[in-house]
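There are 2 protein chains.
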Amino acid sequence: MPNIFDVAKRAGVSITTVSRALNGYSDVNEKTRKRILKIAEELNYYPSAVARSLQGKKTNTIAFAPWLRDHIESRSFFKEIVGVLALGCLKYDLSLLVSGADSSQETNETLREVAGSGRVDGIILADIKPEDERIALLTDIGIPFVAFGRTSDYQELSYPFIDIDGAAGIRELVEYVYNQGRRRLAYLSGPFNTSYSVYRFNGYRESLNKFGIAEEPRLIVADLQEQSQIKETISKLFSLPESQRPEAIIASNDTLALNVINSLTEMGIQVGSKAGQIAVTGFDDLPFAAFLRPALTTARQPIEDTCAALLELLAAIMGQNEAKVKISQTNALMLGPKQYLLKPELVIRESA
Amino acid sequence: MPNIFDVAKRAGVSITTVSRALNGYSDVNEKTRKRILKIAEELNYYPSAVARSLQGKKTNTIAFAPWLRDHIESRSFFKEIVGVLALGCLKYDLSLLVSGADSSQETNETLREVAGSGRVDGIILADIKPEDERIALLTDIGIPFVAFGRTSDYQELSYPFIDIDGAAGIRELVEYVYNQGRRRLAYLSGPFNTSYSVYRFNGYRESLNKFGIAEEPRLIVADLQEQSQIKETISKLFSLPESQRPEAIIASNDTLALNVINSLTEMGIQVGSKAGQIAVTGFDDLPFAAFLRPALTTARQPIEDTCAALLELLAAIMGQNEAKVKISQTNALMLGPKQYLLKPELVIRESA
DNA sequence: AGTAGCTCCCAAAACGTTTTGGAAAAATCA
DNA sequence: TGATTTTTCCAAAACGTTTTGGGAGCTACT
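In structure tokens, the structure reads:
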């Protein structure tokens, strides 16, 4: 591979001139520039990104750092987001480095490596837990980052994040089924070791409170890990005396809802919005949600908006014009400086 | 951020010694090493990946380079693969750079940049077209790469690739519906500007030929771009006299099949494997395929195997032990040196 | 004619590592 | 004891850019 010296020699100028010609500086004669450009083209010369980074202290790369653990629920959404993010990076002339790990042990080591080694200029941190040591890690290292999601203590820590308002989404869903006349509302969730599970559950409790419905522990199952547990849970719920059985099942995400619907269907229980049927709702609006039978009523995560906001915020922080960060998404609620909440959108289909 | 000099000064040794201590060389006293390690820890020192790359000529990064254009069909599968790839990279201690572009103009410029600038050690090229100028580009630049998919002229060009045998998948599907007694088999496909469309269509023709069925132009529609066209196509097919209507519809991918099923259902036409119903098949086995009603009969792309093979092959090429490249996937067919074909798996469900 | 101001170019330093080729000090051997 | 080997360390070069701080050679002004 040719380097800048090869070009300089061939053109009969110094490497300084080659560099400045290629970078569009005005202190090089137009004729010389043309000549250098042609030679660079001929030689198939491309400046080394690595050398450039070393000198310029900029890599023009950001990392997307999720936890690639194999939850029943987590992987689908990760897949949705990375493509959109990659596309969005083009606008900022950034490259996207995907950096995750599956065993939680390694994770922090991988993240520390990518954050500490100067390989990237900024990081988008995903899959935030209620208490997430990665926030402190990155803050410590001093690398610009934006979290996708938020911890429980985001107010004290006050790091930048974009989150989707899970509580609001669930509240809308609950209100919707409440207005159908349903009162016994079960809530199914994965374990509370992911922030969004906690916030969504809070939404459920807030709604019950608002409508004056007492919490019924038997209707709340919040540690679902595997498919088999779901089936089991459902049959337990439906072995209750008729007057105590749930009239609606609020699932904390689409994948869970999918399994709930399948379990119910298998048991011969009708799912749907009509009276006599049991209502089921999800959250996320993954691609399959529209194609379920019955099609899933859910709250849509605004993926495009979220990714745009994440990049916008991160770019602003990296560009040091932190002062005037202003997220342009219309439905963004500002929780604190550089902390934004995006609203999910209610999607009514057939399952509720 | 501290650098190696800071550590050296604090430890009272030269930077050489720090470097060698950190990299586990044996010519540094165990006591000194311990001291250096502790100081590095205290200082929160991490070697600059950039400087290291510059010196070592290795970035330990590979790029995933798809075409992120917004086809009716292409995006879902891209999303599937990037997550698995990212996970697989961990085993090889590689990072994954996602580098795509949406307008086809930019694409080559982006690719040239990432390939020519030494930012990555290797590239996984996806979304191969029947004639794909990117192959020549990368060969020219001389960067190690593996294509996911293959051009029409892969034999002359002879570059490394992993492909999924689309023809074989379609053949199995066609044979399956043929054995149900169906003879009038329509074929629906997106435009032939993507390799897999061509190979899959070939599979269809080979099967017809094998079973002595004449090709019926009216049953072959191969330029579907939008949803609306699909509905239109379907109604045209079903406005034929009864004796000429298709008994099965072979769609070249799941997304297409999904829309076909929806269109048919809207028109009140029963889809399924039973006599009197029309059979519909897809290809890919995307996550939603199992949840359609009727659930989609399709050919599953072995994503995990494919990603594993891509990485295995690329790693071998990058490691210069090209000679003994041996793909370990059990169902891999070798087409040429470093050229492998993986077999899709028939997934029988309800739609056919 | 002298000087100030352009235009166009360049040598050298800096970015932070690893590698190379020793060299001093300590240990071992004869 | 002197010679040899081993252990432990280091100075300098190299990787390929960009930036800094000028410096010729012209042109234009007074």
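So the protein sequences, as listed, match chains A and B.
Heads up, the first sequence is in our numbering, so the first residue is 50 and it goes up one at a time.
Heads up, the second sequence is in our numbering, so the first residue is 50 and it goes up one at a time.
Think of the CB as a built atom: it goes at the ideal place given N, C-alpha and C, for glycine as much as any other residue.
Where the alpha helix (DSSP H) through B:Tyr-389 begins and ends: Premise fails: B:Tyr-389 lies in the beta strand (DSSP E), 388-391, not in any alpha helix (DSSP H).
Inter-residue spacing [alpha-carbon to alpha-carbon] between B:Leu-286 and B:Pro-351: 32 Å
Helix, strand or coil at B:Ala-348 according to DSSP, with G and I counted as helix: strand
Residues that B:Lys-128 contacts on chain A, provided the C-beta gap is smaller than 8 Å: Lys-128, Glu-129, Val-131, Gly-132
CB contact below 8 Å: B:Met-50 versus chain A: yes
Per-residue contacts from A:Ser-166 into chain B (C-beta, under 7 Å): Tyr-95, Pro-96, Ser-97, Ala-98
Contact list for B:Arg-342 against chain A, beta-carbon separation under 7 Å: Arg-342
Nearest-angstrom beta carbon gap, A:Ala-196 and A:Leu-160 [assumed within contact, 8 Å]: Actually they are not in contact, since the Cβ atoms of A:Leu-160 and A:Ala-196 sit about 13 Å apart, beyond 8 Å.
Among B:Tyr-236, B:Leu-134, B:Glu-182, nearest to B:Asn-157 - alpha-carbon criterion: B:Glu-182
Any chain A beta carbon closer than 8 Å to B:Thr-114: Sequence inspection shows Ala at residue 114 of chain B; the Thr mentioned does not correspond to that position. Not closer than 8 Å to any Cβ of chain A, the Cβ of B:Ala-114 fails to qualify, so no.
Chain B contact residues for A:Phe-287, given Cβ-Cβ distances below 8 Å: Near A:Phe-287 there are no residues of chain B at all, since even the closest Cβ is about 22 Å away, more than 8 Å.
For A:Ser-144, the first and last residue of its enclosing alpha helix (DSSP H): Not the alpha helix (DSSP H): A:Ser-144 falls in the beta strand (DSSP E), residues 144-147.
Start and end residues, beta strand (DSSP E) containing B:Ala-196: 194-197
B:Tyr-245 in three-state terms, based on DSSP: helix
CB contact check: B:Ser-144 to chain A, cutoff 8 Å: Any Cβ of chain A closer than 8 Å to the Cβ of B:Ser-144 would place that residue at the interface, and such an atom is present.
Opening and closing residue of the alpha helix (DSSP H) in which A:Glu-315 lies: First-last of the alpha helix (DSSP H) with A:Glu-315: 303-315.
The alpha helix (DSSP H) enclosing A:Phe-54, as first and last residue numbers: 53-60
Beta carbon proximity, B:Glu-90 to chain A, threshold 8 Å: Closer than 8 Å: no.
CA nearest to the CA of B:Phe-260, picked from B:Asp-55, B:Gly-230, B:Leu-305: Here the closest residue by C-alpha is B:Gly-230.
Where A:Phe-36 falls, given that 16 or more other Cβ within 10 Å makes a residue buried: Outside the shown range of chain A (50 to 401) lies residue 36 of chain A, about which nothing can therefore be said.
Residue of B:Lys-87, B:Gly-165, B:Arg-199 minimising C-alpha distance to B:Leu-174: B:Arg-199
A:Ala-164 and A:Ile-177 closer than 8 Å at C-beta: In this structure, the beta-carbon distance from A:Ala-164 to A:Ile-177 does not fall below 8 Å.
Rounded distance between the beta-carbons of A:Ser-144 and A:Thr-110, thought under 8 Å: 4 Å
Identity of the residues DSSP links to B:Phe-340 by a beta bridge: Answer by DSSP bridge pairing: none, since B:Phe-340 is not bridged.
Neighbour list for B:Ala-235 in chain A, Cβ cutoff strictly below 9 Å: Correct list: empty, because the minimum Cβ distance to chain A is about 22 Å.
Beta-carbon spacing of A:Lys-128, B:Gly-132 below 8 Å: Contact annotation: A:Lys-128 and B:Gly-132 have beta-carbon atoms nearer than 8 Å.
Beta-bridge partners of A:Asp-214, as assigned by DSSP: DSSP output for A:Asp-214 lists no bridge partner at all.
Cβ-based burial, B:Ile-397 [other Cβ within 10 Å; buried from 16]: exposed
Rounded separation between A:Leu-313 and A:Gln-293 - CA only: 17 Å
A:Tyr-203 - containing alpha helix (DSSP H), residue span: 203-206
Coil, strand or helix - B:Val-163 by DSSP: helix
A:Asp-212 classed as buried or exposed, judged by whether at least 16 other C-beta atoms fall within 10 angstroms: With 16 or more neighbouring CB atoms inside 10 Å of its own CB, A:Asp-212 falls in the buried class.
Alpha helix (DSSP H) segment containing B:Gly-105, residue limits: 98-105
Three-way DSSP call (helix, strand, coil) for B:Met-383 in this model: strand
As assigned by DSSP and simplified to three states, the class of B:Asp-76: coil
A:Lys-392, buried or exposed, once every other Cβ within 10 Å from all chains shown has been counted against 16: buried
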